[in-house]
Amino acid sequence: MELKSFRVRNFRSINDSGEIDVSRITALLGRNESGKSNILRALHSLNPASGFTKLQPIKDFPRHCKLSECTDYTPVVDSTWELTAYERGCLAEIWPSAKGVSEVTVSRSYGKTRTVGIAVSEAAFDLAAVKADARKIDAAVKAEAAKLMDDKKTTLDRASNTFFAAISVGTTAAKWAETATPALAALRQALAAASVELSDAQDQRVIALEEKAEDVLQNEEAHKKARNWIIERLPVFMYLEDYPEIDGHQDIVQFLARKSQGQQTNADLNFEKLCKVAGLSPLQLQELSQSNDQETRGQLANRAGSVVTTAIRKRWKDRELKVRFNLDAHHFDTLVSDPNSIYDVEVNLDERSRGFQWFFAFYIVFAADTEDGYADGAILLLDEPGLYLHARSQGDLLRHLEDDFSNQIVFTTHSPFMVPTHQLDWVRTVNIAEEVGTTVSNDPSGDARTLFPLQAALGYDLAQSLFVGPNNLIVEGVTDFWMLSAVSSRLNEQSKVGLDVRLTVTPAGGAQKVHYMVALLTSEQLMVLVLLDDEKCSPSAPMAQI
1 MELKSFRVRN FRSINDSGEI DVSRITALLG RNESGKSNIL RALHSLNPAS
51 GFTKLQPIKD FPRHCKLSEC TDYTPVVDST WELTAYERGC LAEIWPSAKG
101 VSEVTVSRSY GKTRTVGIAV SEAAFDLAAV KADARKIDAA VKAEAAKLMD
151 DKKTTLDRAS NTFFAAISVG TTAAKWAETA TPALAALRQA LAAASVELSD
201 AQDQRVIALE EKAEDVLQNE EAHKKARNWI IERLPVFMYL EDYPEIDGHQ
251 DIVQFLARKS QGQQTNADLN FEKLCKVAGL SPLQLQELSQ SNDQETRGQL
301 ANRAGSVVTT AIRKRWKDRE LKVRFNLDAH HFDTLVSDPN SIYDVEVNLD
351 ERSRGFQWFF AFYIVFAADT EDGYADGAIL LLDEPGLYLH ARSQGDLLRH
401 LEDDFSNQIV FTTHSPFMVP THQLDWVRTV NIAEEVGTTV SNDPSGDART
451 LFPLQAALGY DLAQSLFVGP NNLIVEGVTD FWMLSAVSSR LNEQSKVGLD
501 VRLTVTPAGG AQKVHYMVAL LTSEQLMVLV LLDDEKCSPS APMAQI
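Counted from 1, the sequence shown has number 354 at position 354 by this note's numbering; the numbering is strictly sequential.
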């Protein structure tokens, strides 16, 4: 099942978010305190990995509303899901009426209930036709009752009246069948007690109503099974608002003791995930230690370090770091070093930068959970991911989310470097106003603060594409850019030699900024030429700095 859209209502700062379209990756872009986190929390409540629970009105119902306005039936989340071809086939097998259905809806309210919607085209229930048949049966029964003695006549008349009253009501086919089935059975019993047989025509009418009620009940039972099946298939939501805790120093003996006693901490659970990704077993390491097989322990740790290092280097582009697992008796240390530096110093994971710790923990936890773990197929809800990362590393994280996960991902951000400028249809803007609360737009809209990260991201991309290339000619200002471009175009029109087409003219924005532009472009391993104005005062400072 793939989430196509959702809507949040009556949750914290959200009165009505509006319909939010969801892509494979969806970025919720907005200013601080705009309600981005509340959107994720509400969506997470639809099917959390920890289990579906009732919401808390005191904490979750909008504060500007009276608590008395909130009931168990107050709506919170509505969602639309697209079924795979396999799921469509399974659904039709469970409930034949659902053949051809490709989308379903799942909603939740404040109570511990979820509602599943399956839009099917069923024949309308004709209560008028049922009443017409029931009226004929009632008349026939009363005609037979008139031939009986007073006591039997009264009993059969009463049974016929009860039958007609019960079978002539029902707002839906299912409601009708619930009352019609026992009413028809009671009529049969009354006829048998009075030793009365209806004519073949009237008996066929009774049989037709019995079959109709049975078909409706069987269809409703299949419908119920289909709804339960959809809930079972519903992907779980994993919500991450801070980076997971992974200790760089672990005591294996104490870890195994806490695990056997069912007292594992979050750090213990994440250490177990680290071992899973690295291909290690803490129990095996401890058994090898007890048997004094240090060589095998060392080989396992060496292989595990190589596996994790390879995976991290594919995703962490800041520097080529190396991960090594050091085993000392029952201690397990995660050490990180820079093998390309002059001094290859190993530093414990606990002492690395917060940015690297976040990236390392994020990769380890989700790699473990999404590979045959409980997050396999889960929808990941990431609140401000990469907050501690450098701007370039945020771009690496965005590529990591795109390339290394098959999961649907919804994340919030206000960083320009987490905006997928190559897929702007993934971006949704989040706004907040006192009158309407938090709202979400599927098209970029909002005030200057809301749109600033998007503007900055697009401006950076535009600058890169317009003014930066493999071969750059840096000039002082935009006027120089215009003049050189115009002269070059004129020369080309006259079949003379203009600027080389491989050369990108890049304005620096002033003589004092030329050396910054040179440093920026050369750091990207680009070819750079500098053209300065022939002025007595301006060249000296830039030339000295270049």
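Idealized CB from N, CA, C, for every residue including glycine.
**Asked** So, His400 versus Tyr460, is the Cβ gap smaller than 9 Å?
**Response** Translated into the one-based positions of the sequence shown, residue 400 becomes position 400. Translated into the one-based positions of the sequence shown, residue 460 becomes position 460. Going by C-beta atoms, His400 is not nearer than 9 Å to Tyr460.
**Message:** Taking the alpha-carbon of Gln512 as reference, which of Glu476, Asp350 and Gly170 has the nearest alpha-carbon?
**Reply:** Position 512 of the sequence shown, counting from 1, holds the residue named residue 512. Closest option to Gln512, Cα to Cα, is Glu476.
**Message:** Using only the alpha-carbon positions, how far apart do Phe360 and Asn266 sit?
**Reply:** Residue mapping note: residue 360 aligns to position 360 of the sequence shown, counting from 1. Residue mapping note: residue 266 aligns to position 266 of the sequence shown, counting from 1. Phe360 and Asn266 have their alpha carbons spaced roughly 16 Å apart.
**Prompt:** Would Val101 pass as a contact of Ile118 if the rule is Cβ separation under 9 Å?
**Reply:** One-based indexing of the sequence shown puts residue 101 at position 101. One-based indexing of the sequence shown puts residue 118 at position 118. Contact flag set, yes.
**Asked** Measuring CA to CA, which of Ala226, Lys153, His223 and Glu232 is closest to Ser195?
**Response** Mapped onto the sequence shown, residue 195 falls at position 195. Of Ala226, Lys153, His223 and Glu232, the residue nearest in Cα terms is Lys153.
**Prompt:** Hey, which unbroken runs of the beta strand (DSSP E) at 3 residues or more fall wholly within the segment 360 to 406?
**Reply:** Segments of the beta strand (DSSP E) lying fully in the segment 360 to 406: 379 to 383.
**Message:** Can you look up Asn266 in the DSSP assignment and give me helix, strand or coil?
**Reply:** For the purposes of this step, residue 266 is identified with residue 266 of the sequence shown, where counting begins at 1. Looking at Asn266 - three-state DSSP - the assignment turns out to be helix.
**Prompt:** By a C-beta neighbour count over all protein chains shown, 10 Å radius and 16 as the cutoff for buried, is His422 buried or exposed?
**Reply:** Indexing the sequence shown from 1 puts residue 422 at position 422. His422 comes out exposed.
**Item:** Cutoff 7 Å; reference Ala98; Cβ partners in own chain excluding five residues on either side
**Value:** Mapped onto the sequence shown, residue 98 falls at position 98. Once the five neighbours on either side are set aside, the close Cβ partners of Ala98 are Leu91, Ala92, Ile118, Val120 and Ala226.
**Item:** Asn292 - DSSP class collapsed to helix/strand/coil
**Value:** The sequence position of residue 292 within the sequence shown is 292, counting from 1. Asn292 falls in the coil class under three-state DSSP.
**Request:** Confirm, please, whether the CB-CB distance from Lys136 to Arg205 is below 9 Å.
**Result:** As a first step, residue 205 must be located in the sequence shown, where it is residue number 205. As a first step, residue 136 must be located in the sequence shown, where it is residue number 136. A contact, by the Cβ cut-off of 9 Å.
**Asked** Should His331 be labelled buried (16 or more other beta-carbon atoms within 10 Å of its own) or exposed?
**Response** If you number the sequence shown from 1, residue 331 lands on position 331. Classification for His331: exposed.
**Prompt:** Counting pairs of Cβ atoms below 8 Å between the segment 408 to 424 and the segment 20 to 29, do you hit three or more?
**Reply:** Yes, they touch.
**Item:** Short Cβ contact (9 Å threshold) for Lys212 with Ala177
**Value:** Position 212 of the sequence shown, counted from the first residue, corresponds to residue 212. Position 177 of the sequence shown, counted from the first residue, corresponds to residue 177. Inclusion of Lys212 and Ala177 in the CB contact set at 9 Å is warranted, their separation being smaller than that value.
**Item:** Residues that Ser195 bridges to, as DSSP identifies them
**Value:** For the purposes of this step, residue 195 is taken as residue 195 along the sequence shown, with counting starting at 1. In DSSP, Ser195 forms no bridge with anything.
**Request:** Please classify Met149: does DSSP put it in a helix, a strand, or coil?
**Result:** By one-based count along the sequence shown, residue 149 stands at place 149. Coil.
**Asked** Candidates Leu387, Glu210 and Glu351: which alpha carbon is nearest Tyr243's?
**Response** Indexing the sequence shown from 1 puts residue 243 at position 243. For Tyr243, the nearest C-alpha among the options comes from Leu387.
**Message:** Measuring alpha carbon to alpha carbon, tell me which residue in Arg233, Val76 and Ser160 is nearest Glu82.
**Reply:** Locating residue 82 in the sequence shown gives position 82, where the first residue counts as 1. Of Arg233, Val76 and Ser160, the residue nearest in Cα terms is Arg233.
**Neighbour-count burial assignment, Asp268, 16 or more Cβ in a 10 Å radius** = Along the sequence shown, read from residue 1 onward, the residue named residue 268 stands at position 268. Answer is buried; the Cβ neighbour count reaches 16.
**Message:** I'd like the list of long-range same chain contacts for His44, defined as Cβ closer than 7 Å, with 5 residues on each side in sequence excluded.
**Reply:** Counting from 1 along the sequence shown, the entry for residue 44 is found at position 44. If we look at His44 and ignore the five residues flanking it on each side, its Cβ neighbours are Phe237, Tyr239 and Leu381.
**Message:** Report the CB separation of Leu321 from Val336 in whole angstroms; it is logged as a contact under 8 Å.
**Reply:** Locating residue 321 in the sequence shown gives position 321, counting from the first residue. Locating residue 336 in the sequence shown gives position 336, counting from the first residue. Their Cβ separation, rounded to whole angstroms, is 5 Å, which keeps Leu321 and Val336 in contact under 8 Å.
**Request:** Apply the 10 Å Cβ neighbour rule to Met1 and answer buried if 16 or more other Cβ atoms are within range, or exposed otherwise.
**Result:** Numbered from 1 along the sequence shown, position 1 holds the residue referred to as residue 1. Burial call: buried.
**When Ala368, Tyr343 and Asn15 are compared against Cys275, the one with the closest alpha-carbon** = Counting from 1 along the sequence shown, the entry for residue 275 is found at position 275. In terms of CA proximity to Cys275, Ala368 leads the group Ala368, Tyr343 and Asn15.
**Rounded separation between Val487 and Leu531 - CA only** = By one-based count along the sequence shown, residue 487 stands at place 487. By one-based count along the sequence shown, residue 531 stands at place 531. Looking at the two C-alpha atoms, the distance is approximately 15 Å.
**Prompt:** Are the segment 491 to 504 and the segment 448 to 456 touching by the rule of at least three beta carbon pairs closer than 8 Å?
**Reply:** Here the segment 491 to 504 makes no contact with the segment 448 to 456; the two share fewer than three CB pairs at distances below 8 Å.
**Which of helix, strand or coil DSSP assigns to Glu103** = Within the sequence shown, numbered from 1, the residue matching residue 103 stands at position 103. The answer is strand: DSSP assigns Glu103 an E or B state.
**Prompt:** What whole-angstrom Cβ distance do Leu280 and Leu256 have, given they're in contact under 8 Å?
**Reply:** One-based indexing of the sequence shown puts residue 280 at position 280. One-based indexing of the sequence shown puts residue 256 at position 256. Rounded, the Cβ-Cβ distance is 13 Å, inconsistent with contact.
**Item:** Arg114 (DSSP reduced to helix, strand or coil)
**Value:** Translated into positions along the sequence shown, residue 114 becomes position 114. In the structure shown, the three-state DSSP call for Arg114 is strand.
**Message:** Let's test the definition: count the other Cβ atoms within 10 Å of the Cβ of Arg354 and tell me whether it reaches 16, buried, or not, exposed.
**Reply:** As a working mapping, residue 354 is identified with position 354 in the sequence shown. By the 10 Å Cβ count, Arg354 comes out exposed.
**Message:** Can you give me the C-alpha to C-alpha distance between Asp338 and Pro416, rounded to a whole angstrom?
**Reply:** Start at 1 with the first residue of the sequence shown, and residue 338 comes out as number 338. Start at 1 with the first residue of the sequence shown, and residue 416 comes out as number 416. Each residue's Cα considered, the two are about 29 Å apart.
**Prompt:** To which residues of the same chain is His390 closer than 8 Å at the C-beta, ignoring the five residues directly before and after it?
**Reply:** Numbered from 1 along the sequence shown, position 390 holds the residue referred to as residue 390. Cβ within range, chain order: Asp318 and Gly355.
**Item:** DSSP-derived helix/strand/coil call for Phe255
**Value:** Taking the first residue of the sequence shown as 1, we reach residue 255 at position 255. When secondary structure is reduced to three states using DSSP, Phe255 falls in the helix class.
**Message:** Whole angstroms are fine: how far does the CA of Arg9 sit from the CA of Gly262?
**Reply:** Taking the sequence shown and counting its residues from 1, one reaches residue 262 at position 262. Taking the sequence shown and counting its residues from 1, one reaches residue 9 at position 9. So the two alpha carbons sit approximately 38 Å from each other.
**Message:** Please state the DSSP three-state secondary structure of Tyr239.
**Reply:** In the sequence shown, the residue the question calls residue 239 occupies position 239. Tyr239: strand per DSSP, three-state reduction.
**Request:** Within 10 angstroms of the Cβ of His64, are there 16 or more other Cβ atoms? Answer buried if so, exposed if not.
**Result:** The sequence position of residue 64 within the sequence shown is 64, counting from 1. Exposed: under 16 other Cβ atoms inside 10 Å.
**Message:** Using a 10 Å radius around the Cβ and a threshold of 16 neighbouring Cβ atoms, would you call Pro385 buried or exposed?
**Reply:** As a working mapping, residue 385 is identified with position 385 in the sequence shown. Buried, since its Cβ has 16 or more Cβ neighbours within 10 Å.
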